[in-house]
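Heads up: the structure comes next, in structure tokens.
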Amino acid sequence: MVKNVALFIDYENVYWSLKNNYGLVSQPGYLIDLIKREAQKEGQVVLALAYADFDQPEFKG
441 MVKNVALFID YENVYWSLKN NYGLVSQPGY LIDLIKREAQ KEGQVVLALA YADFDQPEFK
501 G
């Protein structure tokens with residue numbers, strides 16, 4: 441039986457952690473796709489929501 445997986449992504453914290461700790465900056469869609477692909481290893485992703493203030497210039501894209 442396939443497990444259902446739901447993702448609730450705190451995108452702001454993911455973004456700033458990658459930028460501040462590793463100097464990595466990426467487009468929101470790219471990072472969310474990477475996270476979804478990893479989650480698909482656990483089961484079928486039935487819901488994926490990303491939270492951030494997407495009006496900020498850093499998060500547009």
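In the numbering used here, the protein residues as written are 441 to 501.
Cβ coordinates follow ideal geometry from the N, Cα and C atoms, glycine included.
Quick check on DSSP: helix, strand or coil for residue i?
| i | result |
| --- | --- |
| Phe448 | strand |
| Leu464 | coil |
| Val486 | strand |
Please state whether the Cβ-Cβ distance between residue i and residue j is less than 9 Å.
| i | j | result |
| --- | --- | --- |
| Val454 | Gln484 | no |
| Lys499 | Tyr462 | Looking at the sequence shown, residue 499 is not Lys but Phe. No, these two residues do not count as a Cβ contact at 9 Å. |
By Cβ distance, which residues of its chain are closer than 8 Å to residue i, with the 5 residues on each side in sequence left out?
| i | result |
| --- | --- |
| Ile449 | Ile472, Ile475, Ala488, Leu489, Ala490 and Tyr491 |
Going by DSSP, name the residue or residues bridged to residue i.
| i | result |
| --- | --- |
| Tyr491 | Asp450 |
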